[in-house]
Amino acid sequence: MTLEQAKAQFIHLWGATSASWGINRTMAQMHALLLVSAEALSTEDLMTQLQISRGNASMTVRELLDWGLVYKALKPGERREYFVAEKDMLQVTRCIIRERKRRELDAMKRSLDQLAALPGDPTEPGYREFHRVLGDIQQLADSADTVLTGVMKAEKTWLIDKLLRMFT
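Quick note on this note's numbering: the sequence shown kicks off at 254 and runs consecutively.
1) Determine which residues share a DSSP beta bridge with S295 and list them.
2) At a Cβ threshold of 9 Å, is L365 touching chain C?
3) To the nearest angstrom, how far is the alpha carbon of K325 from that of A285?
4) Can you list, in chain order, the residues of its chain with a C-beta nearer than 8 Å to that of L387? Leave out the 5 residues immediately preceding and following it.
5) Could you give the distance in angstroms between the alpha-carbon of A281 and the alpha-carbon of H384?
6) Can you confirm whether the segment 328–339 touches the segment 354–365 when touching is taken to mean that 3 or more C-beta pairs between the two stretches lie within less than 8 Å?
7) Quick one: which unbroken alpha helix (DSSP H) runs of 4-plus residues sit fully inside the segment 327–384? Chain order, please.
8) Which partner residues does V404 have in the DSSP bridge list?
9) Drop a sphere of 10 angstroms on the beta-carbon of M283, count the other beta-carbons inside from all chains shown, and report buried for 16 or more, exposed for fewer.
10) When you compare only the Cα positions, how much space is there between D298 and G379?
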């Protein structure tokens, strides 16, 4: 297998597993391409290598920038914008967790809080069970929030140590 074939396989793999991270395939493939690129790439480079439209490439780059997974890189004398990926995998993990937490967990917690605050008649059939289940879910969401916040703040050695202790 050549280096180019290995890169293509990695880009495909990163894109195929992206659904479990809450990232669309094109975004993951672009991130993977930038991860394995030794040089900064322009939007045109990304379009050509991933065979995507300019609009798709521009929107995807913008989203990767918003997530903090990609940065703009300056090339003296060039008018084009170039991009590089964050290569520190702990920082990549933090960025993904931060965005997923903000988009999903925080939104769910707000909705649960609104549902729990709805007035009602505690004598009504199902009222107590509904609020008990909501409370359990809120407690779990709060615990997940605490863990994710800890991971986002963790130093690499601390995180690796904790993960190894979980599995040994």
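All C-beta atoms, glycine included, are put in the ideal place defined by N, C-alpha and C.
The structure says:
1) One-based indexing of the sequence shown puts residue 295 at position 42. S295 pairs with Y335.
2) Among the chains of the structure shown, chain C does not appear; only one protein chain is present.
3) On the sequence shown, residue 325 is found 72 positions in, with the first residue counted as 1. On the sequence shown, residue 285 is found 32 positions in, with the first residue counted as 1. Counting only the Cα atoms, A285 lies some 16 Å from K325.
4) As a first step, residue 387 is located in the sequence shown; it is residue number 134 there, counting from the start. Only L365, L368, A369 meet the Cβ criterion.
5) Locating residue 281 in the sequence shown gives position 28, where the first residue counts as 1. Locating residue 384 in the sequence shown gives position 131, where the first residue counts as 1. The alpha-carbon of A281 is positioned some 39 Å away from that of H384.
6) Output reads no: the segment 328–339 does not touch the segment 354–365.
7) Fully enclosed alpha helix (DSSP H) runs of 4 or longer: 342–353, 359–369.
8) In the sequence shown, the residue the question calls residue 404 occupies position 151. The partner list for V404 (beta bridge, DSSP) is empty, contrary to what the question assumes.
9) As a working note, residue 283 is residue 30 in the sequence shown. Burial is judged here by how many other beta carbons sit within 10 angstroms of a residue's own beta carbon; M283 has at least 16 and is buried.
10) The residue given as residue 298 occupies position 45 in the sequence shown. The residue given as residue 379 occupies position 126 in the sequence shown. Spanning the two alpha carbons is a distance of roughly 58 Å.
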